[in-house]
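Data first, discussion second: the structure below is written as structure tokens.
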Amino acid sequence: MASFKPTKVQFLPKLGEKVTEETLYWKNYKSPVQIKEFGAITKIDFSPLPPHNYAVTASTRIHIYGPHSQEPIRSFTRFRDTAYGGRFRGDGKLLVAGSEEGLIRLFDISGRVALRQFKGHSKAVHMTSFLSDGFRVVSGSDDLSCRVWDVPSAVELSSLTQHTDYIRALAPSKLNPDLFVTGSYDHTVKVFDMRSGSSVMTMQHGHPVECVLLYPSEVLLVSTGGRYVKVWDLLKGGQELVSLKNHHKTVTCACVSSVGNKLLTGSLDRHVKVYNSSYKVAHNFDCDASILSMAIAPDDEALAVGMTNGVLSVRHRRHQKDKETLTSRRRRGPSYQVFVKGKNFAPRQDDFLVSKPVKQYLRKYDKQLKSFEVSKALDTALQTWTRTSKPDVTVAVIIELNRRGTLKNALAGRNEERCFCVLFFRHIFDPRFSRPLLMVGDIVLDLYQQVFHESPVVERLLQRLMEVLGREAELQQELLQVLGILDTLFTSLTPRKEVACVKTLQSISVLKTTDLSQEKRKIYHIYFE
1 MASFKPTKVQ FLPKLGEKVT EETLYWKNYK SPVQIKEFGA ITKIDFSPLP PHNYAVTAST
61 RIHIYGPHSQ EPIRSFTRFR DTAYGGRFRG DGKLLVAGSE EGLIRLFDIS GRVALRQFKG
121 HSKAVHMTSF LSDGFRVVSG SDDLSCRVWD VPSAVELSSL TQHTDYIRAL APSKLNPDLF
181 VTGSYDHTVK VFDMRSGSSV MTMQHGHPVE CVLLYPSEVL LVSTGGRYVK VWDLLKGGQE
241 LVSLKNHHKT VTCACVSSVG NKLLTGSLDR HVKVYNSSYK VAHNFDCDAS ILSMAIAPDD
301 EALAVGMTNG VLSVRHRRHQ KDKETLTSRR RRGPSYQVFV KGKNFAPRQD DFLVSKPVKQ
361 YLRKYDKQLK SFEVSKALDT ALQTWTRTSK PDVTVAVIIE LNRRGTLKNA LAGRNEERCF
421 CVLFFRHIFD PRFSRPLLMV GDIVLDLYQQ VFHESPVVER LLQRLMEVLG REAELQQELL
481 QVLGILDTLF TSLTPRKEVA CVKTLQSISV LKTTDLSQEK RKIYHIYFE
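Written as structure tokens, this is what we have:
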């Protein structure tokens, strides 16, 4: 009697995006180092000068960390209430921060005591920054005002009250010391010019603005708020170029990398997304909690993310030296030597080789197939984890049942819940699995078409499946038209001496068109006739 042969699962190529140099660049970060702070981290800012220390604002203190240190090298704790918006000056020697009590403090990095205190705001100051000349400080407060201060004299130079809600975003121009951008919860982004003393440009974001960011060229402006990330062209008077909606929750922070000026955004959905030059998501970093702040080092060597649970996550770039060091440190233990002992031994010609029988281990569905329990085998293959994570296993069992001629028996006699598992298989449009799944759909409709109306759940699922299949059929029809247009273009543009190549292209196009036509007719035959 022949032994039972397990179900053969084909290893199909995975469908996904191409691995580009940009993807590899962002994947070349080490596992994150996590540092626990005393409260939610509201601001992270890197020093513009080497070694690029970074300031972390959390709770009632600001900590300065070295590029590779896990303990603060400097702390500023002279805050009576929550501190906000700690940022470096352009030379990295001074630090300015706001607070819940409405005061703005100026610190020397080498000291601990505040050099200046700016008083004037009546409510919390969430955003502070130096203007590019280094002698003026701009602040945004919950009292709806934006004020400019003189650093040497600690005197207020100007007060701008054109916002109608809390100001929670601020970005000074690095090219012009009189320009800065603010974002407010009144859904607007304003560009202010100190020479005119008022707003010179206003953009409607449509949601409470959480962050504004200027590209290094300062031609493009980025604003985040709600689930949207919007890019504006300042040379065209604040015209909206792109509106991105790739996050599932509020986008709280954004930054730009120094290599390639790639945009990074962080959100309360715990994801950091990296966009390429065409504003498509090139990479994604996952975090453990909702993200409040984020910054990247000027040389892209470190990416720091602050979260609501008070955890600071820092990722460092991996270099070739690190890989070589890691490889050189890898040594096999004695257990490995015992394990591989005799593996590479080659028998001589006069040796008598005794073969050891290998025990066959069967999967659960294979055991059920061996016992001719075809319906149970199909149920095992249709379990939620299997059909979502390993659809190739589910399809392999379906193909095996069809080969045995028992697929119809396995699909018969099912209740509402078991029919739901069959119809809820989401990979019907995957070209690797479409043909066997369309065959299953044909059999299910033949078996249960008289009783579908008795179950509102299955009927609603069929209705949704029919709508999706209808859209797929329309897309295939459009693809056929595009293939016809391409065939016409290839025929008209190709020189006569390359007629053989044109015929080859036409044969390939006809083959693809035939396959698509057959697939389209199959869908309409099952679901529309």
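Residues in the sequence shown are numbered from 1 upward in steps of one, following UniProt numbering.
For glycine and all other residues, C-beta sits at the position ideal for the given N, C-alpha and C.
As the structure is a prediction and not an experimental result, all values here were calculated from the model.
- From the listed residues His52, Arg116 and Ser313, the smallest Cα separation to Pro32 is found for Ser313.
- Taken through DSSP and simplified to helix, strand or coil, Gln383 comes out as coil.
- With contacts defined by Cβ atoms closer than 7 Å, Thr406 and Thr394 do not form a contacting pair.
- Excluding the 5 residues flanking it on each side, Lys364 has same chain C-beta neighbours closer than 7 Å at Thr380, in chain order.
- The closest CA to that of Arg414, considering only Thr164, Met439 and Leu378, is found on Leu378.
- Note on geometry: alpha-carbon atoms of Trp149 and Gln320 lie some 47 Å from one another.
- The three-state reading of DSSP puts Val482 in helix, counting H, G and I together.
- Taking a 10 Å sphere around the C-beta of Met466, we find fewer than 16 other C-beta atoms and assign the residue as exposed.
- Counting the other CB atoms within 10 Å of its CB gives His248 a total below 16, which places it among the exposed residues.
- Straight across, the Cα-Cα distance linking Asp186 with His205 is about 9 Å.
- As DSSP reads the structure, Glu467 sits in no beta bridge.
- For Arg270 and Arg404, the gap between their C-alpha atoms comes out near 48 Å.
- Note: Ala55 is bridge-paired with Asp45 and Ile64 in the DSSP secondary-structure output.
- Annotated three-state conformation of Arg315 is strand, per DSSP.
- Boundaries of the beta strand (DSSP E) around Tyr84: Ala83 to Phe88.
- With respect to the 7 Å criterion, Val200 and Val189 are not classified as neighbours on the basis of their beta carbons.
- Contact annotation: Thr128 and Ile167 have beta-carbon atoms that are not nearer than 7 Å.
- Note that the C-beta distance between Val137 and Ala171 is not below 7 Å.
- For Pro172, the enclosing beta strand (DSSP E) begins and ends at Ile167 to Pro172.
- Put simply, of Lys273, Arg315 and Val242 the residue whose alpha carbon is nearest the alpha carbon of His68 is Arg315.
- Contact between His121 and Asp143 is confirmed by a C-beta separation of about 6 Å, below the 8 Å threshold.
- Taken through DSSP and simplified to helix, strand or coil, Ser196 comes out as coil.
- When beta bridges are read from the DSSP output, Gly266 appears opposite Cys253 and Val272.
- Inter-residue distance for Phe88 and Asp45 is about 7 Å (C-alpha atoms, whole angstroms).
- In the three-state scheme derived from DSSP, where H, G and I count as helix and E and B as strand, Lys367 is classed as helix.
- Per DSSP, reduced to three states, the secondary structure at Cys287 is coil, with no helix or strand assignment.
- Looking only at Cys287, Glu22, Val482 and Ser158, the smallest Cα-Cα distance to Gly260 is reached by Glu22.
- Taking C-beta atoms under 8 Å as the contact rule, Ile428 and Ser434 qualify, at a distance of about 6 Å.
- Listed as beta-bridge partners of Ala302 by DSSP are His316.
- Put simply, the backbone Cα of Asn284 is about 31 Å away from that of Arg464.
- Along the region 387-432, the alpha helix (DSSP H) occurs as fully enclosed runs of 4 or more residues at 391-404, 407-411 and 416-423, listed in sequence order.
- The C-beta distance from Leu221 to Val181 rounds to 6 Å, short enough to fall under 8 Å.
- The alpha carbon of Gly197 has as its nearest neighbour, out of Ser277, Ser158, His163 and Pro216, the alpha carbon of Ser158.
- Under the criterion of beta carbons closer than 8 Å, Asp165 and Ser139 do not qualify as touching, at roughly 16 Å.
- In the DSSP assignment, Val444 falls outside any beta strand (DSSP E) and lies within the alpha helix (DSSP H) extending over Ser434 to Tyr448.
- Put simply, the backbone Cα of Thr388 is about 17 Å away from that of Glu417.
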